[in-house]
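Peer 1: Sharing a structure below in structure tokens format, with a few things to ask.
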Amino acid sequence: MSESFIYRPERAGLWKYLPAAAFAAITLGGFAVGIQTLRAIPSDKWAQMADWKKVAQGESTRLLTSQLNEKFIFSKAFAATERAVSWNLVRDTGTQVKPGCTGWFFLTDELTSFDGAAQNAKARAWMVGQVAKLLKAQGIPLVVAVVPDKARIESSHTCGMYRPVAFGPRMDQWIGELQQAQVPVLDLRLPLQAVTGERYYRTDSHWNEAGANAVAAYIATQLRQKQWISSDAAPLNADSVKSRQGERMGDLYKVSSLEDVPAWARPATEITTLSEVAPVVVHSDDLFGDSGLPALSLIGTSFSLRGNFVPFLSRHVGAPVANLAKDGGAFDGAAQAYFHSKEFSQDAPKLVLWEIPERMIQRPFEPKERAWFERLRQGKL
């Protein structure tokens with residue numbers, strides 16, 4: 001015959017207070033966390049939520065929920081834990097990144113087919129041709145440099161990752177369309193394929209210093225051969241380039257939300273070359289002459305902001321380079337910002353170099369880009 005359990009408070013001692021103490025601790029802890037979270041919400045957000053119209057429409061509730069989620073003091077810790085578990089269990093890198101071979105990440109955009117891809121590419125080729133015509137009418141030459149996908153150049157590090165077969169001839173087709181439009185174009189596959197070793201960062205979507213330097217040298221050589229620049233290259237040696245090996249966390253690492261994960265639970269951080277490249281010196285007697293002015297104006301994307309590309313380009317060109325590239329500028333961002341600026345209208349460039357990544361040419365049009373397309377159809381930059 002089994003005995004039923006009988007709770008005897010006099011025998012429990014201090015343990016009898018444990019449930020109440022635990023409940024009180026959890027309640028007070030939750031209250032403290034809630035107060036800290038509420039205090040972290042900016043005053044302007046509270047002002048927005050106090051609008052009676054937003055209260056009546058439920059917008060204030062949505063905004064408060066959003067702010068509580070954003071300012072919750074343990075949100076980063078919880079998110080980092082989730083990312084650590086996802087990475088270690090299923091090698092999950094999120095929707096924007098695909099893992100290749102060990103230590104290699106690739107941008108999903110380089111592997112994605114878009115609706116209307118061919119039409120988008122043709123439209124952008126026409127836009128580039130129209131820009132070239134409008135600049136030529138002002139006596140300004142345009143040179144386009146097409147940057148190949150990382151997945152194309154570093155295909156040996158994809159480890160079977162699927163890339164659509166149709167992407168194979170994509171660069172050749174687009175470069176051909178630019179050439180038909182009489183646009184001078186540089187195929188950057190050539191210098192990158194000539195580099196021995198890695199040309200792109202492992203956990204970044206951009207070229208590394210070896211790739212950037214090779215591309216910069218190639219561009220300068222081509223511009224010199226076409227007589228678009230006449231300056232001699234500045235030396236690249238131990239005095240002008242100070243290099244070391246160090247850790248570098250690439251953009252794909254950050255896009256994957258792995259940067260806050262403890263080192264032992266995340267992919268190893270890349271060890272790569274990190275350099276400081278000395279700027280080209282303008283001699284004092286040339287300060288008011290042409291040699292003190294930029295040899296070219298560079299418009300483009302984040303590729304122009306990585307791997308010390310512009311410092312390398314400036315030394316290979318032998319003159320300053322006006323870097324007008326935009327991080328996240330896509331196909332048109334830097335071009336529109338520059339051509340519609342006072343800088344362009346008041347101080348015409350000697351030469352415009354437009355860096356365009358392969359992964360941008362087939363993407364769907366954004367409203368701002370479509371508006372520029374219509375503006376170009378009217379014969380306006």
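Just so we're aligned, residue 1 is where the sequence shown starts under UniProt numbering, counting upward by one.
The beta-carbon is built from N, C-alpha and C at its ideal position, and this holds for glycine as well.
It should be emphasised that the depicted structure is a prediction, and the values quoted were computed from it without experimental measurement.
Assuming Ala278 and Ser240 make a contact with CB atoms under 8 angstroms, what is their CB distance in whole Å?
Peer 2: Counting from 1 along the sequence shown, the entry for residue 278 is found at position 278. Counting from 1 along the sequence shown, the entry for residue 240 is found at position 240. 4 angstroms between Cβ atoms; contact.
Peer 1: Compute the beta-carbon to beta-carbon distance between Phe105 and Leu252, rounded to the nearest angstrom, for a pair I have assumed lies under 8 angstroms.
Peer 2: Along the sequence shown, read from residue 1 onward, the residue named residue 105 stands at position 105. Along the sequence shown, read from residue 1 onward, the residue named residue 252 stands at position 252. Indeed, because the Cβ distance is near 4 angstroms, the residues count as touching under 8 angstroms.
Peer 1: Can you give me the C-alpha to C-alpha distance between Gln227 and Glu358, rounded to a whole angstrom?
Peer 2: The residue you call residue 227 lines up with position 227 of the sequence shown. The residue you call residue 358 lines up with position 358 of the sequence shown. Roughly 27 angstroms between the two C-alpha positions.
Peer 1: Does DSSP put Gln245 in a helix, in a strand, or in coil?
Peer 2: By one-based count along the sequence shown, residue 245 stands at place 245. Looking at Gln245 - three-state DSSP - the assignment turns out to be strand.
Peer 1: Could you tell me the alpha carbon to alpha carbon distance between Tyr17 and Thr27, rounded to whole angstroms?
Peer 2: Residue 17 sits at position 17 when you count from the first residue of the sequence shown. Residue 27 sits at position 27 when you count from the first residue of the sequence shown. Whole-angstrom Cα-Cα distance: 15 angstroms.
Peer 1: Please name the residue, chosen from Ala166, Gln362 and Ala265, that lies closest to Asp109 on a Cα-to-Cα basis.
Peer 2: Taking the sequence shown and counting its residues from 1, one reaches residue 109 at position 109. Nearest option by C-alpha distance: Gln362.
Peer 1: Write down the C-beta distance between Leu293 and Ala325 rounded to the nearest angstrom, noting that I regard them as a contact closer than 8 angstroms.
Peer 2: Position 293 of the sequence shown, counted from the first residue, corresponds to residue 293. Position 325 of the sequence shown, counted from the first residue, corresponds to residue 325. That pair is no contact at about 19 angstroms.
Peer 1: Kindly indicate which three-state DSSP category Ala145 falls into: helix, strand or coil?
Peer 2: Here residue 145 corresponds to residue number 145 of the sequence shown, with the count starting at 1. DSSP places Ala145 in strand when its eight states are reduced to three.
Peer 1: Where Asn208 and Arg315 are concerned, what is the direct C-alpha to C-alpha distance, given to the nearest angstrom?
Peer 2: As a position in the sequence shown, residue 208 is number 208, starting the count at 1. As a position in the sequence shown, residue 315 is number 315, starting the count at 1. Answer to the nearest angstrom: the Cα atoms are 17 angstroms apart.
Peer 1: When the Cα atoms are used, what is the spatial distance from Leu376 to Pro267?
Peer 2: Within the sequence shown, residue 376 is the residue found at index 376, counting from 1. Within the sequence shown, residue 267 is the residue found at index 267, counting from 1. One C-alpha to the other measures close to 46 angstroms.
Peer 1: Rounded to a whole number of angstroms, what is the C-alpha to C-alpha distance between Gln138 and Glu270?
Peer 2: To locate residue 138, count along the sequence shown from 1; it is residue 138. To locate residue 270, count along the sequence shown from 1; it is residue 270. Going from the Cα of Gln138 to the Cα of Glu270 covers about 46 angstroms.
Peer 1: Would you call the stretch 137-157 and the stretch 348-356 in contact, with 3 or more CB pairs under 8 angstroms?
Peer 2: Counting Cβ pairs under 8 angstroms, three or more are found: they touch.
Peer 1: Is the stretch 192-207 close to the stretch 242-259, with three or more CB pairs under 8 angstroms?
Peer 2: With a cut-off of 8 angstroms, the stretch 242-259 and the stretch 192-207 count as touching, because enough Cβ pairs lie within range.
Peer 1: Are Ser113 and Pro191 closer than 8 angstroms when you measure CB to CB?
Peer 2: As a first step, residue 113 is located in the sequence shown; it is residue number 113 there, counting from the start. As a first step, residue 191 is located in the sequence shown; it is residue number 191 there, counting from the start. It is not a contact, given that the beta carbons lie outside the stated cut-off.
Peer 1: What does the Cβ neighbour count give for Gly379, buried or exposed, with the cut at 16 atoms within 10 Å?
Peer 2: As a first step, residue 379 must be located in the sequence shown, where it is residue number 379. Looking at its Cβ environment, which holds fewer than 16 other Cβ atoms inside 10 Å, Gly379 is exposed.
Peer 1: Spell out a yes or no on whether the stretch 121-133 and the stretch 177-190 are touching, meaning 3 or more CB-CB pairs, one atom from each, closer than 8 angstroms.
Peer 2: Yes, the stretch 121-133 touches the stretch 177-190.
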